[in-house]
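The numbering used here runs 662 ahead of the 1-based position in the sequence shown.
Each residue gets a CB set at the ideal place from its N, CA and C atoms; glycine is no exception.
Here is the structure we will look at, set down as structure tokens.
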Amino acid sequence: MTSFEELAKASGLLGFTGFDLYRIAIPMREPFRISSGEVAVKDSLLLKVNGGDAFGWGESSAMPGAFYSSETPDSCWEELSTVVLPALAGREFPDMVSLEEFLKEQSQSAFVRVAVETAAWELLARRRGVSLRSLFSIADREVVSGLAVGLYDTREELREALERYRPRDYARLKIKIKRGQDVELVRAVRQWLPDVPLFVDANADYGREDFATFQELDAFGLMMFEQPLARGELEASAELQRLVRTPVCLDESIETADDARRAIQLGSCRIVNIKLQRVGGYLEALRIIEICSRGGIPVWMGTMPELGIGSAQALQLAAHPAFRFPTDVEPSERWYEDDILMPRLSLANSQLHVPAGPGIGFQVDERKLEQYCTARKTFKT
Ligand SMILES: [Mg+2]
């Protein structure tokens, strides 16, 4: 058994005295567009889990529509408020593994379970007066951040966006591509920013018939091709990886530790992007890290992007030595007009500072929470 599994088994009795579920809407600085859709307001669910002497915060950060996953903020709100939280209220669990099993019985959705799972871990960390990093035995280090930009109608708009968002303040740049907006886009960005480490994220837009596009992109020395093919296309992804030198990175394809195991066996990727939201929390993320480490596959920390709570949770894990590429977590003001976290996430020398302190290390600003709250439900035992 690995150290984190022992920790999860020995985490101690978990009982919940109540839950506060908030629905939050914060305007984005500009609409974010990828190959499957566009979003202009960040609609997120925040969950405060109360456990007598301590509390923890969680976030459920699905995108609206069929933007990234089949889950949406509406479906997650419905499941959390009518099924999961009523089932949890008043229940006790001997350890985190039992809680995780119970959550899987209540909901098929990682985006639903992650809110409770991560909050329960923070509750345990706060109860011990330590950060999540310390709880997971991860040594403190600054986390290096990368800039991600969405799709734009014209190359000129992309260039203006790159000027606004200052890629040189970060350790690398990731741009989104889709069919018809790829090779020439990369060529242009390479000309504008020849010295900036660069890669592309296709968000599953391509198929076998497009392999030639990636063979062309192979000439640009990109750090990786993120999720070229559809979620279930692990065999085709292995074919693509055999055709190109650039490492293929899987994001949408890796929802569980079993997905990671299969992808590594097939040779479907050489890098894995880990998102707490997509895998349902810290325990599954740690299992994926373990499998990737054993398979010699480096990982990095992705984002939806989440609001501050989800971002701070990601930063706690991103200090793990298996994370070998800059994270997609960016300062709060990169995406949003405002946030509910204190202090704000800030960038210096391409690094994100994580305050020392229990749990996620940050505090929730209750005044901002009220300001941006569009719905609220409280559950008490
Ligand atoms: Mg991605």
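Unbroken beta strand (DSSP E) run spanning residue i, endpoints
i, result
"Cys911", "Val910 to Leu912"
"Glu700", "Gly699 to Asn712"
"Val811", "Leu809 to Val811"
"Asp1000", "Neither: Asp1000 is in no beta strand (DSSP E) and is coded neither H nor E."
"Val961", "Val961 to Met963"
"Gln863", "A small correction: the amino acid at residue 863 is Asp; Gln does not occupy that position in the sequence shown. Unbroken beta strand (DSSP E) run through Asp863: Leu860 to Asp863."
"Ile916", "Note, Ile916: premise wrong, no beta strand (DSSP E); not H, not E."
Rounded separation between residue i and residue j - CA only
i, j, result
"Pro967", "Val941", "15 Å"
"Phe717", "Gly677", "11 Å"
"Cys1035", "Glu721", "14 Å"
"Pro1005", "Glu878", "44 Å"
"Val910", "Phe887", "5 Å"
"Leu1003", "Phe1024", "7 Å"
"Asp715", "Ser930", "46 Å"
"Glu1046", "Asp857", "For residue 1046 there is no data in the structure shown, the boundaries of the chain being 663 and 1043."
"Lys671", "Val811", "40 Å"
"Trp962", "Lys937", "9 Å"
"Ala919", "Trp739", "26 Å"
"Ala1018", "His982", "16 Å"
"Gly727", "Arg821", "28 Å"
"Thr989", "Glu733", "24 Å"
"Ile916", "Asp802", "27 Å"
"Arg830", "Val1026", "30 Å"
"Gln889", "Tyr684", "32 Å"
"Ala900", "Leu669", "35 Å"
"Glu700", "Met690", "11 Å"
"Glu914", "Arg790", "34 Å"
"Arg775", "Ile959", "26 Å"
"Glu754", "Ala898", "44 Å"
Within 7 Å, strictly: CB atoms of residue i and residue j
i, j, result
"Phe882", "Val848", "yes"
"Pro993", "Ser1008", "yes"
"Ile696", "Lys836", "no"
"Thr1043", "Ala751", "yes"
"Val711", "Leu785", "yes"
"Gly964", "Asp1001", "no"
"Tyr827", "Leu809", "yes"
"Asn865", "Ser698", "yes"
"Ala976", "Ile950", "no"
"Ala974", "Ile1022", "yes"
"Glu762", "Leu912", "no"
"Ser769", "Val746", "yes"
Identity of the residue in the options nearest residue i by Cα
i, options, result
"Val703", "Trp719, Ala724 and Leu709", "Ala724"
"Gln853", "Leu747, Glu667, Gly894 and Leu824", "Leu824"
"Arg841", "Pro829, Arg870 and Tyr684", "Arg870"
"Arg1038", "Ser743, Ser737 and Ser930", "Ser743"
"Leu709", "Pro693, Pro689, Phe798 and Pro735", "Pro735"
"Asp863", "Leu884, Asp857 and Leu855", "Leu884"
"Arg904", "Arg923, Val759, Leu928 and Ala892", "Leu928"
"Thr875", "Leu855, Thr908 and Glu897", "Thr908"
"Ser799", "Trp962, Glu667 and Gln1033", "Glu667"
"Asp844", "Pro829, Leu855, Tyr868 and Pro859", "Tyr868"
"Ser793", "Lys1030, Val1016 and Phe1041", "Val1016"
"Val806", "Phe987, Asp757 and Gln1033", "Phe987"
"Ala892", "Tyr730, Leu1014, Ile686 and Gln768", "Tyr730"
"Glu692", "Leu912, Gly713, Arg789 and Glu999", "Glu999"
"Glu995", "Phe681, Gly674, Ile688 and Gln939", "Ile688"
"Ala833", "Leu1014, Thr1040, Gln1033 and Leu1031", "Leu1014"
"Glu756", "Arg956, Cys954, Leu765 and Leu675", "Residue identity differs from the one stated: residue 756 is Pro in this sequence, not Glu. Checked all of Arg956, Cys954, Leu765 and Leu675; the closest Cα to Pro756 is Leu675."
"Asp682", "Trp719, Ile953 and Ser673", "Trp719"
Residues sharing a beta bridge with residue i, DSSP
i, result
"Ile933", "Cys911"
"Arg695", "Glu700"
"Glu754", "Gly677"
"Asp990", "Paired residues: none, contrary to the question."
"Gly720", "Leu709"
"Phe887", "Val862 and Val910"
"Asp682", "Lys710 and Thr1040"
"Val806", "Gln1013"
"Gln1025", "Met1004"
"Ser793", "Gly1021"
Residue i: first and last residue of the uninterrupted alpha helix (DSSP H) it sits in
i, result
"Lys766", "Met758 to Gln768"
"Ile951", "Tyr944 to Arg956"
"Tyr814", "No alpha helix (DSSP H) contains Tyr814, which DSSP labels as neither H nor E."
"Tyr1034", "Glu1028 to Tyr1034"
"Glu784", "Ala772 to Arg790"
"Ile926", "Ala919 to Leu928"
"Glu871", "Counting along the chain, Glu871 falls outside any alpha helix (DSSP H), and DSSP gives it neither H nor E."
"Leu835", "Taken as a continuous stretch (DSSP letters only), Leu835 belongs to no alpha helix (DSSP H), being part of the beta strand (DSSP E) at Leu835 to Lys838."
"Ser899", "Leu896 to Leu905"
"Glu846", "Val845 to Trp854"
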